[in-house]
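A.B. asks: My questions will all concern the structure given below.
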Amino acid sequence: MLDSIIQQGQKYTMNTYNRLPVAFTKGEGCYLTDTEEKEYLDMIGGLGACGLGHNHPIVTKAIQQQAEKYIHVSNIYWIKEQVELAKLLVENSFGDKAFFCNSGAEANEAAIKLARKYAYKKYGSQKNEIIAMTQSFHGRTLGTLAVTHNKKYQEGYGPIPEGFGFTKFNDIAGLKAAITENTCGIILEPIQGEGGVTPIDGGFLKEIKSLCQEKDILLIFDEVQCGIGRSGKLFAYESYGIEPDIMTLAKALGSGIPIGAVVAKGKVAEALQPGDHGTTFGGNPLSTSVALATMKFMVEEKLWEKAEEMGLYLHEKLQQFTKKYTWIKTVKGKGLMVGLELEIEGGSIVEKALKEGLLINCTAGKILRFLPPLIVEKQEIDKMVEILERIFSKL
Ligand SMILES: *Cc1c(COP(=O)(O)O)cnc(C)c1O
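The numbers in our numbering rise by one with no breaks, and the one at position 348 of the sequence shown is 349.
Now the structure itself:
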């Protein structure tokens, strides 16, 4: 069965991914089962999208119940589930209003448009530049490519939209030099994901915030990967004590059902008026009811506290590898967003792990990345560490 999926996949789907030779048929909690009935421990959880793991009863029930009622209506009507989700996000964050779309890139695209519109209405068309960070990743649309640092993602797609620049992550002097009177927004990931699982420095963030306030620049936090409980707080900005003006969410928000969100302060959100932005599927009854169930569960269970606790445990376990193997450098990240930085390329380790029944990922070439479901238990972390030890000891 697997051979035929791969063969036909190569024939009929665009070759946009370097896929590992496996296909799954079902999942439960932190485990996935493949076409040969082999079980895998999933410590990457759909690259962070499966915050509640696989086949979570809360999620399954929300999908079933909503599908039995209605799945979709247009945003030319009011949608109760969407309103309730917006309320829950607002009540649990710095924000006053939310807008819904279908992915992380779309959420960032909307955040960029919102920042520009806000400045346009207040100052006219000159103030339109957005500053992003080195090693950033914000998505694959043309607009979000403009704020994604790694040039390999942009190659061959030019011209890329103008009015975007980069400054070095965690470098205050560089940022001060990059800001001009035309800067309208700064976009950053509080914990960089694809760029290497790197948390932002608290002092740097504080400096950014005060520059933003001084110069009326909107601060945009891309919490697509680090938000929704993963960092050990519901939102990663909480652990820095610094609020953005705009925040974007996606990945774990819908437990695997596609949804993205932009949350903003009221005075910023006001910049968008009817007709200024929109999407067909964004905030539809199905995706918002699933996100609502996810968020309710997350808030009731304070699942971020579990992420914090399990994150510390995972951190400690991985720390032991850095002592034992000279080619393993450091453990990075926060909560259950964890990276293990190597001195060697990590791709072959990911392939070996797959053979051993463990799903992990490698980002930025040399950083093994772990994004387990937030419901992960110690015994699963122990099991992963055992498998890694077996692989590492043979290298
Ligand atoms: C995954 C990711 C995105 C892009 O999200 P998509 O849903 O793939 O468009 C944007 N920003 C960050 C930080 C991400 O991790």
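Built from N, CA and C at the ideal position, the CB exists for glycine as well.
(1) Cβ-heavy atom distance between E190 and ligand 1 below 6 angstroms?
(2) What three-state label does DSSP hand I247 in the structure shown?
(3) Cβ of I368 within 7 angstroms of Cβ of G140?
(4) Nearest-angstrom Cα distance between K379 and Y314?
(5) Give the secondary structure of M15 by DSSP, where H, G and I count as helix, E and B as strand, and everything else as coil.
(6) How should D277 be labelled, buried or exposed, when 16 other C-beta atoms within 10 angstroms of its C-beta is the threshold for buried?
(7) Who are the near neighbours of T398 in its chain, counting only those whose CB is closer than 8 angstroms to its CB and skipping five residues on each side?
(8) Should A112 be listed as close to ligand 2, given that the test is whether its C-beta is under 6 angstroms from any heavy atom?
(9) Nearest to P275 by alpha carbon, out of A179, E92 and I77?
(10) According to DSSP, what are the bridge partners of F205?
(11) What separation, rounded to the nearest whole angstrom, lies between the Cα atoms of I221 and C213?
(12) In chain order, what are the residue ranges of uninterrupted beta strand (DSSP E) at least 3 long that sit wholly in the region 140-202?
(13) Give a single yes or no on whether H397 has its beta carbon closer than 6 angstroms to a heavy atom of ligand 1.
(14) Taking the beta strand (DSSP E) that I221 belongs to, which residues open and close that run?
(15) Who are Y32's beta bridge partners in DSSP?
(16) Starting from the Cα of K177, find the closest Cα among S126, S240, L273 and A133 and give me that residue.
C.D. replies: To lay it out plainly:
(1) yes
(2) strand
(3) no
(4) 8 angstroms
(5) coil
(6) exposed
(7) Given that the chain is displayed from residue 2 to residue 396, the structure contains no residue 398 and the question cannot be resolved.
(8) Absence of ligand 2 is noted for the structure shown, with ligand 1 being the only ligands found.
(9) I77
(10) Looking at the DSSP assignment, F205 forms no beta bridge with any residue, so it has no partner.
(11) 10 angstroms
(12) 165-168 and 184-189
(13) What the structure shows of the chain is the stretch from 2 to 396, and residue 397 is not part of that stretch, so it cannot be assessed.
(14) L219 to D223
(15) E29 and L42
(16) A133
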